[in-house]
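Scroll down for the structure; my scribbles are underneath it.
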Amino acid sequence: MKDLHGKVGVVTGGAGGIGRAIGEAMLAEGMQVVLADVVADQLAATVKELGGKDVMGLATDVTSFESLCALRDAALARFGAVHVVCNNAAVGAGAKGHVWEHHLNDWKWSLDVNVMGVINGMNAFVPMLIAQDEGHVVNTSSGNGAYFPIASSGIYPVTKAAVTTLTECLWGQLRQLGSKVSASCLLPSSPNPGVLATGIWKAGANRPDRFLRGDPDDNKPRDALADYRARAKAAGQEVPIAPLSDVADLCIRAIREDQFWATYPLENQTQKLRARFESMLNRTTPEYLNEVNLMAAGAKERAKS
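Everything in the sequence shown is counted per the numbering used here, starting at -4 for the first residue and increasing by one.
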């Protein structure tokens, strides 16, 4: 899809973070944009800030297929077509402990949003894109799960590994059909140093009642990014913030150039990806998870003391 001018894009998780950045990049390309998010007040503020007749917002719950169908119908009613769908909404549950200790509602919430949200988006939009024989689907995954898991983060990489495989299957089946519709797997990253300050760090503030943990004290929202940066600073390390526009640029390039793996060629990622597949080929233990070795060493030291 070389020329994006005049095309219509739909972005879930669009009230802030990566979703908003993608929406802004689409508008800069001359696209008409529909932003969707479960946080209605933030979404309304974002749409107001972006302004203009080429952007609209709709409160949407990606865990509901009916809500995604309503989003599709609203986009068609407003702009007459949909050409690009970015299934971007995701949460980080902030689960405590080990994977065998995580609260089941942390699993259920994460899987419902991060995996079923993408499936619902595909089921609502892909048949229409195939029927018009034009379109592009971008599913947001993560290097944490697509390349290799950060073992201590447990639930999140499990969901993103699922999104990666799901997107590969989508791409392959579209090719089998001979469809002109294509797909990309967006792995948010930046050539600039630092972390991406997205809403996923504060997702706990929007946890639905049905996914609450049993202990009320365990449901208090926190700013995980602020905590992380504070711990790093206390250890003498500054954690800069990378621009989200870098991720949006990846997304636009993937759509325009029909690029499946939408990510920057970062050497540290390449090394770990290579190490992972060498481990598979050689049938060795996953020593590339060097954080595991560091944590194990720390545990041994604590045991000695």
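Note that CB positions come from ideal geometry on N, CA and C, so glycine has one too.
* In its own chain, which residues sit with a C-beta less than 7 Å from the C-beta of Q27, not counting the 5 before and 5 after it? -> V3, D49 and F74
* P144 versus I13: straight-line alpha-carbon distance, rounded -> 21 Å
* Would you call the CB atoms of G140 and V153 closer than 8 Å? -> yes
* Three-state class that DSSP yields for V50 in the structure shown -> Secondary structure at V50: strand, using DSSP grouped into helix, strand and coil.
* Asked: What do you reckon, are the CB atoms on A85 and D101 nearer than 8 Å?
  -> no
* Asked: Terminal residues of the continuous alpha helix (DSSP H) containing Q27?
  -> Here Q27 belongs to no alpha helix (DSSP H); instead the beta strand (DSSP E) covers Q27 to D32.
* Asked: If you draw a straight line from the alpha carbon of L99 to that of L239, how long is it in whole angstroms?
  -> 32 Å
* **CA-to-CA distance, D253 to G130, given in whole angstroms** => Each residue's Cα considered, the two are about 11 Å apart.
* Report, in whole angstroms, the separation of the C-beta atoms of A35 and V5, which I expect to be a contact under 8 Å. => About 17 Å separates the two Cβ atoms, so there is no contact after all.
* Asked: Can you give the Cα-Cα distance for T41 and C164, rounded to whole angstroms?
  -> 33 Å
* To do: Could you have a look at L268 and say whether DSSP puts it in helix, strand or coil?
  => Helix.
* Asked: Assuming A302 contacts V110 under a Cβ cut-off of 8 Å, what Cβ separation, rounded to an integer in Å, is found between them?
  -> Any answer about residue 302 is impossible in this case: the structure gives the chain only from -4 up to 300.
* To do: Determine the direct distance from the alpha carbon of G1 to that of H78, and round the result to whole angstroms.
  => 10 Å
* How long is the line joining the alpha carbons of A237 and L38, rounded to whole angstroms? -> 23 Å
* Put G12 into one of helix, strand or coil per three-state DSSP. => helix
* A270 vs Y283 beta-carbon contact at 8 Å -> A contact, by the Cβ cut-off of 8 Å.
* Reference L268, options F255, Y142, V242 and S185, closest by Cα -> Y142
* K175 versus E44: straight-line alpha-carbon distance, rounded -> K175 and E44 have their C-alpha atoms some 35 Å from each other.
* Enclosing alpha helix (DSSP H) for V113 [first to last residue] -> Boundaries of the alpha helix (DSSP H) harbouring V113: M111 to Q127, taken from the DSSP string.
* Unbroken alpha helix (DSSP H) run spanning G4, endpoints -> Counting along the chain, G4 falls outside any alpha helix (DSSP H), though it belongs to the beta strand (DSSP E) covering V3 to T7.
* Asked: Cα-Cα, which of A76, K155 and C64 is closest to N83?
  -> Put simply, of A76, K155 and C64 the residue whose alpha carbon is nearest the alpha carbon of N83 is K155.
* Grab the span of the beta strand (DSSP E) containing V80 for me, first residue to last. => V79 to N82
* Chain-order list of residues whose beta-carbon lies under 6 Å from that of L(-1) (same chain, five-residue window excluded) -> E24 and M26
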